[in-house]
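The listed protein sequences derive, respectively, from chains A and B. Sequential numbering from 9 applies to the first sequence in our numbering. Sequential numbering from 9 applies to the second sequence in our numbering. Take a look at the structure set out below.
Protein chains: 2
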Amino acid sequence: MWPDRRILDLFGIELPIVLAPMAGASGAELAIAVGEAGGLGSLPCAMLSPDQIRNEIGVIRQRTARPLNLNFFAHKSPPADPDREAGWKKRLQPYYAEYGIDPATIPSGPGRNPFDEAACAIVEEHRPEIVSFHFGLPEEALLDRVRRTGAKIIASATTVAEARWLESAGCDVIIAQGAEAGGHRGIFLEEDVATQPGTFALVPQVVDAVSVPVIAAGGIADARGLAAAFMFGASAVQIGTAYLKCPESLITPIHRAALSQARDDRTVLTNVFTGRPARGLMNRFVRETGPISADAPAFPLPTSAAGPLRKAAEAAGSSDFSPLWAGQAAPLAKPMPAAELTRGLAREAQALLSKAAGA
Amino acid sequence: MWPDRRILDLFGIELPIVLAPMAGASGAELAIAVGEAGGLGSLPCAMLSPDQIRNEIGVIRQRTARPLNLNFFAHKSPPADPDREAGWKKRLQPYYAEYGIDPATIPSGPGRNPFDEAACAIVEEHRPEIVSFHFGLPEEALLDRVRRTGAKIIASATTVAEARWLESAGCDVIIAQGAEAGGHRGIFLEEDVATQPGTFALVPQVVDAVSVPVIAAGGIADARGLAAAFMFGASAVQIGTAYLKCPESLITPIHRAALSQARDDRTVLTNVFTGRPARGLMNRFVRETGPISADAPAFPLPTSAAGPLRKAAEAAGSSDFSPLWAGQAAPLAKPMPAAELTRGLAREAQALLSKAAGA
């Protein structure tokens, strides 16, 4: 049925489609729907407390017996940098003034949790079939504990060098995340986003460089991308933005409205929301302070500075300060329930592959 | 034999492979080899005088009866801007000093010719089967004259908006040039390269947006990319960087050596060589003055300022100041004669497509 069954057999799933874990935008409902449809459901844990993670896993395990992917960020928490944070707040002062926000009331501190002791204990307790990491991998002792649970370990590479690094570190599967992808780049070996390869160039080079199966990600939002990924030698695809449009996603009505107007040429990589480059739709905040600003504090410190602006602007019905994460293929996806999207992608991709030989 | 025959029938060629016209890097030999192998041979005219164009066409027509694509730039020549040119030379002063170059001896003036009366007369005289344009299209009166010769007219789009614009202007075929592509971006409706979509996202969206056949370009350097392009609904591919590695290309030994060391994550879009964004391998000049500099004069004025530095550095065996044009898929291509490359790409892509269908 599929040109490559390695991921299907390794994960125990029916369809070569992985739901991209999208912190803050996807939870149990999307994971359940995609899993039940035959793909791999993923739960992003980076913005959840340990209790929230346990609750979400509980809901998922109660409603589906399909394999589950728990996703974590693997960044190092940066040292506090009060000067830089203060400088960034000063840079944003005109916006605070515009919305009547007192910067002194804004709490500082991180807004995204790296994989740590508490997260590892959850993995050991709940034994997800797959554990995926973004921004590299956690320290070896923690990774070993994950491995000992029997979980398959996967992580994102944005370059061939990162793919090789992840394979050496023992990843069972590598996600080749092309520059088209929405949300945070998994980039971890360097910082320059100007040299990041697109999916068309990255996937075949990663396939050539590693011996583990490769999941293609970035710019895939319909069946054509899924079929094309197999031509490059990928064993599955990871899809994010298309699932954001599903009713099961947790995005705000403002984000949903912006996605419905998305264009191929109106997304950009920006670090002004979180300190790490992530792709989203261009808006006022990104245009005026970025898209890439050398003044933004290290990930994830800037999240607290932008938060009140987003809240105030959204209360006024504006998307000017919202992180409108989206990949470059956003316009290709139609809003529909996630199970229907998953099955439709698979069915249409198989039809394309069958037709491939032509007349 | 192929899933889509529209381009094959329209151009009268056997294989869905267009040799990318690469000004300064490809000439009659590559065009002849690719054309004779069954693809579409292209002659880039932007850096040739009218006499040189006539000579090259003469050589090609003498040695092959296959269809020929003449390629031209369609930019507007910028007004002279002595202040900005002087500022740019001042910016480069430390490099001139390093190489003992007297900036006063550097001639100014354009280094790339736009399609004009003289070029149009050549088209009318030699009647190439296909005429392609980069940077938009020439003024309507000239375009009408080209159309009246019976030539099929094709042009590059880097966004869906550009594709729609080109279709409205009467293009017979549109090249969807993803961000992975080496050399100059065809971008003409705007200037921001940060929002340029990758091939994976661009091609299906262009296919959906226009009714004319689409040629996929950018990141395609082996048979996998050719097979994948058909999955997206493209009718052919345009390939550049892979042909640079052929013995028939006109690149310097320094460029050839750099290409053999290319990596997926070591190219960047830069405007410091010509004033327009073009993708090439990172080197000292690009790193230190760009990659995108707001100080660079308008295309093609900076070419004269960088020229003497390139010449001096290359004489010393250094690639520090050379424009090392390359796409992100450069590592996928192996050096071999162009006819062999063309036939191999087609044969292997057909095998991939057949295998996909049979699975």
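Beta carbons are placed, not taken as given, at the ideal position from N, Cα and C, and that holds for glycine.
Over what stretch of residues does the alpha helix (DSSP H) that includes B:H375 continue unbroken?
The structure shown has nothing for residue 375 of chain B, since chain B only spans 9 to 367.
Flag B:D273 as yes if its beta-carbon sits less than 8 Å from any beta-carbon of chain A, otherwise no.
Look at B:D273: its C-beta is under 8 Å from a C-beta on chain A.
List the residues that DSSP assigns as beta-bridge partners of B:F141.
Answer by DSSP bridge pairing, in chain order: B:F80 and B:A163.
Measure the alpha-carbon distance for A:A225 versus A:F208 and round it to whole angstroms.
Going from the Cα of A:A225 to the Cα of A:F208 covers about 10 Å.
Of all the CB atoms in chain B, is at least one closer than 8 Å to the CB of A:T207?
Closer than 8 Å to some Cβ of chain B, the Cβ of A:T207 qualifies, so yes.
Does the pairing of the segment 282-294 of chain A with the segment 210-217 of chain A give three or more beta-carbon distances under 8 Å?
Contact between the segment 282-294 of chain A and the segment 210-217 of chain A is absent, because fewer than three Cβ pairs lie under 8 Å.
Apply the 10 Å Cβ neighbour rule to B:A355 and answer buried if 16 or more other Cβ atoms are within range, or exposed otherwise.
Per the sequence presented here, residue 355 of chain B reads as Arg, with Ala not at that position. Looking at its Cβ environment, which holds fewer than 16 other Cβ atoms inside 10 Å, B:R355 is exposed.
Taking the CB atoms as reference points, tell me whether B:V276 and B:V220 lie closer together than 8 Å.
In this structure, B:V220 does not lie closer than 8 Å to B:V276 by Cβ.
Pull up the distance between the alpha-carbon of A:R274 and that of B:R193, whole angstroms please.
Our two residues, A:R274 and B:R193, have alpha carbons roughly 17 Å apart in a direct line.
Starting from the beta carbon of B:S362, find every residue of chain A whose beta carbon is closer than 8 Å, and list them in chain order.
Here the neighbours are A364 and A365.
How would you list, in chain order, the residues of chain A whose beta-carbon sits under 8 Å from the beta-carbon of B:M290?
Going along chain A in sequence order, the residues near B:M290 (Cβ under 8 Å) are T203.
Give, in chain order, every residue of the segment 236-270 of chain B whose Cβ lies closer than 9 Å to some Cβ of chain A.
For the segment 236-270 of chain B, the residues whose beta carbon sits under 9 Å from a beta carbon of chain A are, in order, A236, A237, F238, M239, F240 and G241.
Going by DSSP, which residues form a beta bridge with A:G191?
Residue pairing for A:G191: DSSP places it in a beta bridge opposite A:R287.
Residue ranges of each alpha helix (DSSP H) within the segment 287-328 of chain B, 4 or longer
Taking 4 residues as the shortest admissible run, the segment 287-328 of chain B contains the following complete alpha helix (DSSP H) segments, listed from N- to C-terminal end: 292-297 and 310-323.
Continuous beta strand (DSSP E) stretch holding A:L174: start and end:
For A:L174, there is no enclosing beta strand (DSSP E); the residue is found in the alpha helix (DSSP H) stretching over V168 to S176.
Along chain B, in chain order, which residues have C-beta atoms closer than 7 Å to that of A:T167?
When 7 Å is used as the limit between beta carbons, A:T167 is near these residues of chain B: D272 and D273, in chain order.
Counting only beta-carbon atoms, is B:R71 nearer than 8 Å to chain A?
For B:R71, not one C-beta of chain A is nearer than 8 Å to its own C-beta.
The segment 325-352 of chain B: which residues have C-beta closer than 9 Å to a C-beta of chain A, in chain order?
Contact residues of the segment 325-352 of chain B toward chain A are G335, Q336, A337, A338, P339 and L340 (C-beta to C-beta distance below 9 Å).
Against chain D, with Cβ distances strictly below 8 Å, would B:G227 count as a contact?
In the structure shown, chain D cannot be found, because the protein chains are A and B.
Considering only the alpha carbon of each residue, which of A:Q185, A:C53 and A:G158 lies closest to A:S34?
Of the listed residues, the one whose Cα sits closest to A:S34 is A:C53.
Give a yes or no on whether 8 Å exceeds the smallest Cβ distance from A:P212 to chain B.
It does; some Cβ of chain B falls within 8 Å.
Three-way DSSP call (helix, strand, coil) for A:A367 in this model
Because A:A367 sits at a pLDDT of 43, beneath the cut-off of 50, its placement in the model cannot be relied upon, and the following sentence gives the value as read from the coordinates. Correct three-state label for A:A367: coil.
Length of the line joining the Cα atoms of A:A163 and B:G298
Inter-residue distance for A:A163 and B:G298 is about 32 Å (C-alpha atoms, whole angstroms).
Three-state class that DSSP yields for B:T282 in the structure shown:
The three-state reading of DSSP puts B:T282 in coil, since its state is none of H, G, I, E or B.
Whole angstroms is fine: what's the gap from A:A367's alpha carbon to B:F238's?
Note that A:A367 has pLDDT 43, beneath the 50 cutoff, so the model's placement of it is unreliable and the number below is only indicative. When rounded, the distance between both Cα atoms is 14 Å.
Taking the DSSP output, what are the residues bridged to A:E49?
One detail in the question is off: residue 49 of chain A reads as Gly in this sequence, not Glu. A:G49 is bridged to A:L76.
In chain B, which residues lie with their C-beta within 8 Å of the C-beta of A:A187?
A187 and G206, listed in chain order.
Thinking C-beta only, is A:P345 closer than 8 Å to A:P255?
Yes, the pair counts as a contact, with Cβ atoms nearer than the cut-off.
Across the segment 21-36 of chain B and the segment 48-65 of chain B, are there enough close Cβ pairs to call them in contact, namely three or more that are closer than 8 Å?
They touch, by the three-pair rule.
Start and end of the alpha helix (DSSP H) containing B:V215?
Taken as a continuous stretch (DSSP letters only), the alpha helix (DSSP H) holding B:V215 covers T207 to A217.
Measuring alpha carbon to alpha carbon, tell me which of B:A341, B:V294 and B:A244 ends up nearest B:S268.
That would be B:A341, whose Cα lies nearest to the Cα of B:S268.
Taking the beta carbon of A:D91 as the centre, do at least 16 other beta carbons fall within 10 Å, making it buried, or is it exposed?
Counting Cβ neighbours within 10 Å, A:D91 comes out exposed, since fewer than 16 surround it.
Give the DSSP-derived three-state secondary structure of A:L100 in the structure shown.
Correct three-state label for A:L100: coil.
What are the residues that DSSP puts in a beta bridge with B:I25?
In DSSP, B:I25 forms a bridge with B:V245.
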